[in-house]
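Going by the numbering used here, the sequence shown runs without a break in its numbering and finishes at 242.
So the structure is just underneath, and the comments pick up after that.
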Amino acid sequence: MNAININEQIAYYRKQRGLTQEDVARALGVTNQAVSKWESAQCCPDIALLPELADLFEVSVDKLLGRKPTASLGELCHMLKAHFSSLPEHSTFGQAYRIAALLHEAAATDGYKNKVPWQSRDYSTDDVADWGLSVCSEPEGCTVRKHNSICFTLSEKSTAPNNIQLHRLSQKLSRLSEPDTLKVLFALYSLTQQDFDLYVTAAEIAEAARLPVNLTENLLNSLPLTLKEENGELKYRLDGANSYLPSLLMLLCDD
């Protein structure tokens, strides 16, 4: 520890505690001149005095020496909650994605014990569409990042689907297996994803999907939708609980 740093730390914490140099000297059994020399960087306190000095200032020795110890997971979680609580409305997803990207990097490199297999990026400013695909599969779990989606799985919490769940999954996948159905799904998503109060007509969806209106109306019946009637005309948007489907399906693409 360099003398300039320790002298600044001692002076800072002494003043924070409202103590005089004489108070510190008396508590440690040293002279006023000794404390003055510490703070003016003429010399450093004996190493044996550091625990007492830290106790006097009610800090850890590491903190007294200007070191920032690694925060525990609980402390990190608390700091993250405090950070997100302080953000303005509708600004959380961008920062959450940045943190998720960092977690993906940490998991993919086994806590940075392995080489990061890609160039470091500023996750807050990068165009996520430029990312491409990165996947890491280990016995502990799996993580995948592709464009605007990041996914984590934990092996020890994995549960096999029962027969009812398999049946429902098969039904959902079969409804989404036709190219025209996917065109309608992604067209509807692109039209409404930026505004959760926006509903669009079958004609608008058909135009975006480049399909006939009659076919589009039939295909809409196979999608999980929320509907509303406006001036005698039905309008559509993806059901909120299923609005993740387009991004999830994009994770399955090989390119």
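Don't be surprised by glycine CBs; every beta carbon is placed ideally from N, CA and C.
Check each candidate in the options and name the one with the smallest Cα separation from residue i.
i	options	result
Pro126	Asn135, Glu143, Val115, Ser136	Glu143
Asn(-6)	Val22, Val11, Val17	Val22
Asn135	Arg155, Cys123, His70, Asp114	Asp114
Val187	Asn149, Trp118, Glu217	Glu217
Leu37	Ser73, Ala28, Glu26, Asp49	Asp49
Leu141	Arg155, Ser124, Leu214	Ser124
Thr213	Pro199, Ala41, Tyr176, Met66	Tyr176
Asn(-8)	Val17, Gly16, Thr18, Cys31	Cys31
Gln181	Ser230, Met237, Trp118	Ser230
Thr179	Ser145, Gln8, Ser121, Pro233	Pro233
Gln3	Ser27, Ala14, Val46	Val46
Leu169	Ala83, Cys240, Ser72	Cys240
Gly53	Asn101, Ala(-2), Gly61, Tyr84	Ala(-2)
With 16 as the cutoff for other CB atoms within 10 Å, does residue i come out buried or exposed?
i	result
Phe293	Shown here, the chain extends from -12 to 242; a query on residue 293 therefore has no answer.
Ala193	buried
Gln(-4)	buried
Ile151	exposed
Ala93	exposed
Tyr223	buried
His91	buried
Gly5	exposed
Ile34	exposed
Val11	buried
Leu40	buried
Trp105	exposed
Thr18	exposed
Leu153	exposed
Thr146	exposed
Arg1	buried
Leu206	buried
Leu235	exposed
Could you confirm whether any beta carbon from chain C is found closer than 8 angstroms to the beta carbon of residue i?
i	result
Glu127	Any reference to chain C falls outside this structure, which holds one protein chain only.
Grab the span of the beta strand (DSSP E) containing residue i for me, first residue to last.
i	result
Tyr(-1)	Where Tyr(-1) is concerned, there is no enclosing beta strand (DSSP E), although the alpha helix (DSSP H) it sits in stretches over -10 to 3.
Leu141	136 to 141
Gly81	No beta strand (DSSP E) holds Gly81; the alpha helix (DSSP H) holding it covers 79 to 95.
Lys215	212 to 217
Cys129	128 to 133
Leu225	220 to 225
Skipping 5 residues on each side, what residues in its chain have a beta carbon closer than 7 angstroms to that of residue i?
i	result
Thr203	Val171, Ala189, Ile192, Ala193, Ala196
Pro75	none
Looking at the secondary structure, which residues open and close the alpha helix (DSSP H) in which residue i lies?
i	result
Glu125	Here Glu125 belongs to no alpha helix (DSSP H); instead the beta strand (DSSP E) covers 120 to 125.
Tyr176	166 to 179
Arg54	Neither: Arg54 is in no alpha helix (DSSP H) and is coded neither H nor E.
Val200	200 to 207
Asn19	19 to 26
Val11	8 to 15
Gln152	150 to 162
Glu76	No alpha helix (DSSP H) contains Glu76, which DSSP labels as neither H nor E.
Ile192	189 to 196
With a threshold of 8 angstroms on Cβ separation, who are the neighbours of residue i within its own chain once the five nearest residues in sequence on each side are excluded?
i	result
Ala116	His134, Asn135
Met66	Ala58
Spatial neighbours of residue i within its chain, please: CB distance less than 6 angstroms, with the 5 preceding and 5 following residues excluded, ordered by chain position.
i	result
Val103	Thr96
Ala215	With the sequence shown as reference, residue 215 is identified as Lys, and Ala is not the correct amino acid for it. These residues qualify, in order along the chain: Tyr186, Lys222.
Phe139	Thr130
Ala14	Leu43
Val200	Ala189, Ala190, Ala193
Glu26	Asn(-6), Ile(-3), Ala(-2)
Report, in whole angstroms, the separation of the C-beta atoms of residue i and residue j, which I expect to be a contact under 8 angstroms.
i	j	result
Ala88	Arg132	7 angstroms
Leu221	Pro211	Wrong, their Cβ atoms sit about 15 angstroms apart, outside the cutoff.
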